[in-house]
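Numbering (UniProt numbering), first residue to last: 1 to 159.
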C-alpha cells in the first residue's frame, strides 16, 4: 500500500518530528508512506468569511495538485465519520483487497479544508469532535495507521 499524508504547513516542533519519524520507521515494513507538506496561507485573526474561503481555496489547490486520479482520498474533518481503530483497520484492509493501493490522508490548515477538496474526498474521517492542532494530527494519524496494520495482521500492540 502507498500512503501519502498531505498536510498544510511546515512542522517545526522537534518532539513531533521525532514521534513522526518513529512511526514512519515502524510503518516501513507495512507500507510506503510519505508526507507531503504544502504551503499554508497567512491567516490573521480577524478575517472575513470571504477571506477565509480564499485562504482555504489556495491551500486546497495545493493539496489537489498532490493527489493523483487513482488515489483514494481520506480527509480529516471535524464533522467526518468517526471510526474505531478496528473500523479504520478494516477500511484499510478493504481498500487493499479491492485494489485501492494508493491512499491519501489530507490534513487541512488552521481554517480547515476547502469545499473542492471535500468534494474530492472519498471518506471524511473525524478523530473527535474536539479540535486538535493540525501538526499534532500528523502524529495521531500515523499512530492509528500503524495500529491498523498491526490489527489486520493479528500482531500484538493493539489493546
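Built from N, CA and C at the ideal position, the CB exists for glycine as well.
Computed from a predicted model, the values in this text were never measured in an experiment.
Check: Assuming contact is defined by CB atoms lying nearer than 8 Å, are residue 69 and residue 114 in contact in what I supplied?; Outcome: no
Check: Would you give the residue range spanned by the beta strand (DSSP E) that residue 72 belongs to?; Outcome: 72–82
Check: Please name the residue, chosen from 93, 128, 97 and 106, that lies closest to residue 146 on a Cα-to-Cα basis.; Outcome: 93
Check: Rounding to the nearest angstrom, what Cα-Cα distance links residue 30 and residue 59 in this structure?; Outcome: 30 Å
Check: Check whether the Cβ of residue 134 lies closer than 7 Å to any heavy atom of the ligand MG, and answer yes or no.; Outcome: With respect to small molecules bound, the structure shown includes none, and the ligand MG cannot be examined in it.
Check: Out of curiosity, what's the CA-to-CA distance linking residue 14 and residue 135?; Outcome: 11 Å
Check: Could you check whether residue 64 and residue 103 sit closer than 8 Å to each other, using their CB atoms as the reference points?; Outcome: no
Check: By a C-beta neighbour count over all protein chains shown, 10 Å radius and 16 as the cutoff for buried, is residue 118 buried or exposed?; Outcome: buried
Check: Within the chosen definition, does the segment 4–12 reach the segment 34–46 through at least 3 CB pairs nearer than 8 Å?; Outcome: yes
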